[in-house]
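A.B. asks:
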Amino acid sequence: VQNKIIFVPGLKDCHQGRGGVEIQPGSLVWFFCSLCAAGQLVFEDFLRTQYSEENLLFWLACEEYKRITAVTEMMAAATRIYTEFVDVDAPRQINIDCVTREEISENISQPGPNCFDRAQKLIHGLMENDCYPRFLKSEIYQALLEQAEQKTSPAGVS
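The opening position of the sequence shown corresponds to residue 1 in the UniProt record's numbering, with each subsequent residue numbered one higher.
Listed below in structure tokens is the structure:
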């Protein structure tokens, strides 16, 4: 299934509302998992089995945070993200270096729209270079590919 584009029917909210999404093993699947609600759920399920779903949840929370324009809402969201993912006692603490964690801690009382950018970039790199390659080799992903191939194969052809 390498280098083959597969159409996954039935996935909603993907690529401007089409009834499915084209995925290609490699970087396009990363795009799919980053932007598509169904893809996020599959990737999150995998990350949960690896005890690292906090990475995706943090990345998604940061994406939501960037869309906030009201200052009071931004402050509340920044505090939630910090408390859940960044603080040293956070229940879903992300794996970032102490310099990045300290920088966020120092600025959390006056958070700006780019408050979490450095940490988000680190987590994105971690997912793309570690979690995501393991996801591509996982049974969850292989089952998704098989399901997609079965749905796109003409009847009676194997």
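Don't be surprised by glycine CBs; every beta carbon is placed ideally from N, CA and C.
All values derive from a computational prediction rather than experimental measurement.
(1) If you count every other CB in all the chains shown that lies within 10 Å of the CB of residue 129, and 16 or more means buried, which is it?
(2) Kindly indicate which three-state DSSP category residue 115 falls into: helix, strand or coil?
(3) Of all the options 67, 55, 134, which has the alpha carbon lying nearest to the alpha carbon of residue 84?
(4) Between the segment 132 to 152 and the segment 42 to 58, do three or more beta carbon pairs fall short of 8 Å?
(5) Thinking just about the alpha-carbon of each residue, which of 102, 70, 48 is nearest to the one in residue 82?
(6) Could you tell me which uninterrupted alpha helix (DSSP H) segments, each at least 4 residues in length, are contained entirely in the UniProt domain "RGS" (38 to 145), listed from first to last along the chain?
(7) Any chance the segment 103 to 115 sits against the segment 132 to 141, with 3 or more Cβ pairs inside 8 Å?
(8) Are the Cβ atoms of residue 122 and residue 96 separated by less than 7 Å?
C.D. replies: In short, the structure shows the following:
(1) exposed
(2) coil
(3) 55
(4) yes
(5) 102
(6) 53 to 66, 71 to 81, 98 to 107, 117 to 126, 132 to 137
(7) no
(8) yes
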